[in-house]
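Quick note: to get the working numbering, add 3 to the position in the sequence shown (first position is 1). Right, one structure below, let's go through it.
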Amino acid sequence: MSARSQDEAFSRYVLQTGVVRIEQLEAARDEQRRSNRSLSEILVALGALTPLQRQDLERRVQQGVGETPQQLGPYRLLCKLGEGGMGAVYLCEDTLLQRQVALKILAKDVTDSPESLSRFRREAMAAGKLNHAGIAMAYATGEDAGRHFYAMEYCRGESLDKVLKRLGRLPERKIVETMRAVAQAMQYAHERGIVHRDLKPGNVMLGLDGSVKVLDLGLSKNVLDREQSYQTTSGLAIGTPHYISPEQARGDKEVDGRSDVYSLGATMYHLATGRTPYEGATAAAIMTRHLHDPVPDPRAANPELSEGFSRVVRMALSKAPADRYASMGELAADLERLSKGQPVVALSKRRRPRRGSRGGRSWRLVVGTVLAAVLAGIAIFLYRWETRRGGSVASEARDVERPQPQLPSSEERAQAALARLFDGLAAEDRAGRVARLGSFLEEHGGTQVGAQARALLREIERNAAADAEVARWKPLFDGRSIDCLVEGNRPHWLVEDGLLTHRPGATDCAQTRRDFEDGAVRIRFTVADATYLRFTIRQGREGGYSAIFDRRALARMQGDQDLIFDCRGARVTATLNGRPQPVEARGAPRSGRLHFGVSEGRLRIRAIEFAEPSADGAALDKARNVE
Numbered sequence: 004m005s006a007r008s009q010d011e012a013f014s015r016y017v018l019q020t021g022v023v024r025i026e027q028l029e030a031a032r033d034e035q036r037r038s039n040r041s042l043s044e045i046l047v048a049l050g051a052l053t054p055l056q057r058q059d060l061e062r063r064v065q066q067g068v069g070e071t072p073q074q075l076g077p078y079r080l081l082c083k084l085g086e087g088g089m090g091a092v093y094l095c096e097d098t099l100l101q102r103q104v105a106l107k108i109l110a111k112d113v114t115d116s117p118e119s120l121s122r123f124r125r126e127a128m129a130a131g132k133l134n135h136a137g138i139a140m141a142y143a144t145g146e147d148a149g150r151h152f153y154a155m156e157y158c159r160g161e162s163l164d165k166v167l168k169r170l171g172r173l174p175e176r177k178i179v180e181t182m183r184a185v186a187q188a189m190q191y192a193h194e195r196g197i198v199h200r201d202l203k204p205g206n207v208m209l210g211l212d213g214s215v216k217v218l219d220l221g222l223s224k225n226v227l228d229r230e231q232s233y234q235t236t237s238g239l240a241i242g243t244p245h246y247i248s249p250e251q252a253r254g255d256k257e258v259d260g261r262s263d264v265y266s267l268g269a270t271m272y273h274l275a276t277g278r279t280p281y282e283g284a285t286a287a288a289i290m291t292r293h294l295h296d297p298v299p300d301p302r303a304a305n306p307e308l309s310e311g312f313s314r315v316v317r318m319a320l321s322k323a324p325a326d327r328y329a330s331m332g333e334l335a336a337d338l339e340r341l342s343k344g345q346p347v348v349a350l351s352k353r354r355r356p357r358r359g360s361r362g363g364r365s366w367r368l369v370v371g372t373v374l375a376a377v378l379a380g381i382a383i384f385l386y387r388w389e390t391r392r393g394g395s396v397a398s399e400a401r402d403v404e405r406p407q408p409q410l411p412s413s414e415e416r417a418q419a420a421l422a423r424l425f426d427g428l429a430a431e432d433r434a435g436r437v438a439r440l441g442s443f444l445e446e447h448g449g450t451q452v453g454a455q456a457r458a459l460l461r462e463i464e465r466n467a468a469a470d471a472e473v474a475r476w477k478p479l480f481d482g483r484s485i486d487c488l489v490e491g492n493r494p495h496w497l498v499e500d501g502l503l504t505h506r507p508g509a510t511d512c513a514q515t516r517r518d519f520e521d522g523a524v525r526i527r528f529t530v531a532d533a534t535y536l537r538f539t540i541r542q543g544r545e546g547g548y549s550a551i552f553d554r555r556a557l558a559r560m561q562g563d564q565d566l567i568f569d570c571r572g573a574r575v576t577a578t579l580n581g582r583p584q585p586v587e588a589r590g591a592p593r594s595g596r597l598h599f600g601v602s603e604g605r606l607r608i609r610a611i612e613f614a615e616p617s618a619d620g621a622a623l624d625k626a627r628n629v630e
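What follows is the structure in structure tokens.
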């Protein structure tokens with residue numbers, strides 16, 4: 004491989020893994036144009052990499068390049084998206100149709116296995132039979148230089164397992180909306196004889212355009228194809244243990260669409276509670292619980308869920324297929340009723356338990372338990388083999404290009420600069436203020452921001468004539484941005500026209516209103532975990548204060564100093580201008596008074612007194628500094 008090709012492969016890999024930032028790579032490329040050194044050598048010289056990192060990365064890149072060709076058929080490989088038990092998935096460019104695709108390539112070490120190769124071909128055939136907006140589309144299959152592959156739709160968005168890691172759990176309304184789309188897509192597949200057999204959060208993608216797509220038919224089974232019956236051996240459980248149906252856990256040969264109904268119920272439970280229905284130390288233990296443990300009520304883990312939602316989940320999780328929804332269509336219909344506030348059908352027509360002698364039931368329970376343990380022992384080998392090779396391809400395969408925050412416009416940057424000029428507490432001489440305003444007007448004189456600056460200049464002149472004190476600008480909150488701390492994270496909030504939205508997530512919402520009489524801007528918003536918060540932000544001589552009624556966080560904003568406090572009992576942590584600072588705290592936040600001070604003399608010890616919100620939803624207008 005040429006030196007140039009090596010540098011290109013190296014740059015792609017370090018960007019993909021996030022080891023090097025794009026600006027560092029661009030700086031290294033600029034330096035490379037003036038020298039004959041390799042890109043990796045320059046990155047070490049610039050401090051972007053250590054020598055040990057360079058050696059390790061070069062070894063990984065060389066191994067990857069040596070094992071995988073740069074092009075298969077018309078598909079030019081760009082970067083690896085993920086890898087699982089059957090092979091790897093790459094983002095590729097279709098050189099014929101000029102589009103990006105996801106290309107699954109069967110691993111070399113399993114091509115000698117007739118069963119693995121047959122399963123790989125079956126996956127492509129199963130996906131190729133389906134043409135539905137809610138299912139990732141298969142484009143083509145082929146073989147090149149001994150490599151078997153198929154091209155499929157590259158889905159841009161975020162898989163539900165990634166959403167769970169980011170948010171913990173989802174609101175009921177969002178779950179109902181998303182799962183109804185999945186159920187409708189799977190009803191389409193079931194009508195054509197295709198059973199997924201591995202539905203889980205990692206196999207559901209939320210597109211950037213708001214679409215919902217089902218991914219990965221790698222374990223699908225065409226129940227209409229009689230010649231395929233040998234493909235899935237009776238007694239071998241295939242699926243993901245946390246979402247596997249009891250019949251799959253037993254290794255039943257006959258599995259129909261109701262198995263997918265169960266897996267979707269387990270997925271709904273996880274999305275609503277933040278945990279899977281059954282936990283265990285091993286795959287065998289989890290599958291045994293799917294077989295024998297009572298169906299859990301999701302409201303036990305999340306009391307905010309509705310009774311209707313709980314009934315839908317519990318019916319989908321019924322042990323016997325006959326007790327579940329007969330089809331995905333029925334499940335989708337109940338989810339639609341739930342979204343409209345109508346009564347659901349779930350559990351209203353449950354079959355009565357079959358009667359029999361206690362001895363007969365005990366005998367069947369013993370035999371079933373022993374059989375389940377034996378089958379689970381066999382299945383655990385397959386599960387560990389799959390996870391050693393990197394887990395499910397689907398959760399990484401068509402994963403994620405998260406929406407990036409848009410860069411601020413020139414006017415927004417000017418507005419921010421103007422705010423920085425006058426939003427401090429430190430006194431500044433009048434002449435200095437006027438001079439800085441004059442420079443600002445030269446650059447932004449014809450804009451709306453320039454008009455604001457001109458008005459400030461006139462205000463300074465009026466204050467100078469009326470008052471001997473140094474004139475200060477005391478603006479209201481500028482309606483553009485605010486940083487806040489929620490549950491240990493510091494997201495960025497944008498405020499425009501009274502609507503507060505969270506970037507980059509899309510699950511949070513808020514409303515704002517200005518009160519020009521007392522100089523306060525009040526904000527209330529609901530975050531993904533349904534915590535209800537209210538802020539009062541004030542600007543004035545003492546800067547701004549924010550108080551949250553549940554006292555999990557307290558924010559004090561004062562000029563260029565941005566102090567965010569996270570209250571846990573009597574412990575308080577703070578961030579000052581993005582840098583952690585030690586904080587002293589006295590008293591419990593629940594008492595309504597919080598004493599705190601930042602080290603290095605940055606702040607005096609103060610007490611913040613705040614009140615509960617009123618029943619009519621009024622904001623916190625009693626928050627004040629009481630020294």
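Ideal Cβ positions, reconstructed from N, Cα and C, are used throughout, including at glycine.
For T291, the enclosing alpha helix (DSSP H) stretches over residues 286-295. Beyond the five residues adjoining it in sequence on each side, P249 comes within less than 6 Å, by CB distance, of H293, L294, K322 in the same chain, given in chain order.
In the structure shown, E339 falls within a helical segment according to DSSP collapsed to helix, strand and coil. The alpha carbon of S214 has as its nearest neighbour, out of M182, E26, D97, the alpha carbon of M182. Straight through space, the alpha carbons of E44 and E11 are spaced by roughly 14 Å.
For M189, the enclosing alpha helix (DSSP H) starts and ends at 175-194.
Under the Cβ criterion (8 Å, minimum of three pairs), the region 263-282 counts as touching the region 307-320. Closest in C-alpha terms to D263, from the list L42, N206, L308, comes N206. In the DSSP assignment, R253 falls within the alpha helix (DSSP H) that extends over 249-253. Counting the other Cβ atoms within 10 Å of the Cβ of I25 gives fewer than 16, which makes it exposed. CA-to-CA, the gap between K216 and I247 works out to about 20 Å. M208: member of the beta strand (DSSP E) spanning 207-210, first to last residue. As a beta-bridge residue in DSSP terms, R150 pairs with D147. Residue pairing by DSSP puts K107 in a beta bridge opposite V92, Y153. A contact is defined here as three or more CB-CB pairs under 8 Å, and the region 333-350 meets this definition with respect to the region 171-188. Secondary structure note for E257: it is in no alpha helix (DSSP H), with a DSSP letter that is neither H nor E. Taking the Cβ atoms as the reference, M331 lies roughly 5 Å from A186, within the contact range of under 8 Å.
In the structure shown, E161 falls within a strand segment according to DSSP collapsed to helix, strand and coil.
Distances from the alpha-carbon of L80 to those of L55, I108, Q56, Q190 put I108 closest. Between A275 and E175, the C-beta spacing is below 8 Å.
The alpha-carbon separation between H245 and R172 amounts to approximately 16 Å.
One alpha carbon belongs to L211, the other to C158, and they sit about 9 Å apart. If you draw a straight line from the Cα of R7 to the Cα of P299, it comes to about 58 Å.
Residues of the same chain with a CB within less than 7 Å of the CB of D147, apart from the 5 flanking positions on each side, are L75, G76 in chain order.
Where E86 is concerned, the enclosing beta strand (DSSP E) starts and stops at 78-86.
The criterion of a C-beta distance shorter than 8 Å is satisfied by A105 and L84. As computed with DSSP, L75 is found in a beta bridge with Y78. Here K216 carries a strand assignment [DSSP, helix/strand/coil]. With contacts defined as CB atoms closer than 8 Å, L60 and Y16 qualify as a contacting pair. Excluding its 5 nearest sequence neighbours in each direction, G277 has C-beta neighbours in its own chain below 6 Å: G171, R172, listed in chain order.
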